[in-house]
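From first to last, the protein sequence lines are chains R and D.
Quick note: to get my numbering, add 10 to the position in the first sequence (first position is 1).
Quick note: to get my numbering, add 77 to the position in the second sequence (first position is 1).
Glycine included, each C-beta is placed from N, C-alpha and C at the ideal position.
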Amino acid sequence: NAGVTQTPKFRVLKTGQSMTLLCAQDMNHEYMYWYRQDPGMGLRLIHYSVGEGTTAKGEVPDGYNVSRLKKQNFLLGLESAAPSQTSVYFCASRTPRTSGKNTGELFFGEGSRLTVL
Amino acid sequence: EDQVTQSPEALRLQEGESSSLNCSYTVSGLRGLFWYRQDPGKGPEFLFTLYSAGEEKEKERLKATLTKKESFLHITAPKPEDSATYLCAVITSSTLGRLYFGRGTQLTVWP
């Protein structure tokens with residue numbers, strides 16, 4: 011049981027290049043999330059998905075696109091990378107409810123460290 | 078606008094010196110408050126869920142409490158292995174699909 015797996019773990023891009031981060035979870039969770047973490051800024055939500063085929067914007071969606079074609083996968087794309095997108099990106103998943111209550115137990119991946127030069 | 082504020086930003090404790098971390102929130106319709114621990118280079122790890130004022134949860138040296146305006150994470154007799162960044166997050170009635178995080182408190186416990 012791998013949990014949440016992110017690939018790649020490290021990447022260096024030049025300004026203007028594109029790339030895709032892949033997140034895969036094997037826990038059959040409905041909800042999946044992409045966060046970015048910057049020093050002093052905490053975790054900020056980029057995009058999220060509440061089910062296969064659905065996506066929604068979070069706090070900082072500009073410059074990113076996402077897709078959830080399969081329940082277990084959530085892809086984060088950067089079409090034209092900018093230095094401001096240098097960050098650590100975390101994917102997470104969860105089951106929305108347990109015993110009728112919202113469960114906040116997110117399962118996180120190990121992070122993907124992206125540097126844009 | 079919903080806000081989650083954690084204090085202090087950083088805390089240094091000597092081993093055995095108990096203290097508390099604070100998470101204050103100004104949100105409409107709180108549906109849950111959550112505490113996470115994050116070690117350097119790792120993803121956050123879930124600790125506790127609190128749903129209503131007066132609720133308390135405990136795990137080893139950690140105890141989380143919730144009031145109508147804030148939550149405290151009490152650390153009793155901490156050890157160096159408790160050193161980490163502690164994050165709180167909320168779900169509200171208007172953001173049911175999303176967790177919003179505070180900026181965290183970086184805790185260092187020295188021997």
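Can the beta-carbon of residue i be found closer than 9 Å to that of residue j?
i: Leu150/D; j: Ala141/D; result: yes
i: Val167/D; j: Arg108/D; result: yes
i: Leu55/R; j: Tyr99/R; result: no
i: Ala87/D; j: Leu184/D; result: yes
i: Ala102/R; j: Met42/R; result: yes
i: Ser129/D; j: Ser171/D; result: no
i: Leu127/D; j: Ser95/D; result: no
i: Phe178/D; j: Gly52/R; result: yes
i: Leu143/D; j: Leu98/D; result: no
Quick one: does the C-beta of residue i sit closer than 8 Å to a heavy atom of the ligand SAM?
i: Gly120/D; result: No copy of the ligand SAM occurs in the structure displayed, which carries no ligand at all.
So which residues on chain R does residue i lean against when the C-beta distance must stay under 8 Å?
i: Tyr177/D; result: Leu55 and Glu69
i: Arg180/D; result: Gly50, Met51 and Gly52
Under the rule that 16 or more other beta-carbon atoms within 10 Å means buried, what is residue i, buried or exposed?
i: Gln91/D; result: exposed
List the residues of chain R that residue i touches, going by C-beta distances under 7 Å, in chain order.
i: Lys119/D; result: Glu120
i: Thr82/D; result: The contacting residues do not exist; Thr82/D stays about 10 Å from chain R at best.
Out of curiosity, what's the CA-to-CA distance linking residue i and residue j?
i: Lys19/R; j: Glu89/R; result: 19 Å
i: His57/R; j: Arg138/D; result: 35 Å
i: Gly74/R; j: Arg46/R; result: The displayed chain sequence assigns Tyr, not Gly, to residue 74/R. Distance between the alpha carbons of Tyr74/R and Arg46/R: 11 Å.
List, in order along the chain, the chain D residues whose C-beta lies closer than 9 Å to that of residue i?
i: Phe100/R; result: Gly120 and Pro121
Which chain D residues sit within Cβ distance under 7 Å of residue i?
i: Gly63/R; result: Ordered by position in chain D, no residue passes the 7 Å Cβ test against Gly63/R, which lies about 15 Å from the chain.
i: Val60/R; result: Gly174
Proximal residues, the stretch 163-174 of chain D versus chain R, C-beta separation under 9 Å: Residues Leu164, Ala166, Val167, Ile168, Leu173 and Gly174.
Where the stretch 69-90 of chain R meets chain D: residues whose CB sits under 9 Å from a CB there: For the stretch 69-90 of chain R, which is checked against every Cβ of chain D, the residues closer than 9 Å are Glu69.
Residues in the stretch 96-113 of chain D having any Cβ partner in chain R nearer than 7 Å: From the stretch 96-113 of chain D, only Arg108, Gly109 and Phe111 have a Cβ closer than 7 Å to chain R.
Near-chain R residues of the stretch 143-162 of chain D (beta-carbon distance less than 7 Å), N- to C-terminal order: If you check each beta-carbon in the stretch 143-162 of chain D against every beta-carbon of chain R, none falls closer than 7 Å.
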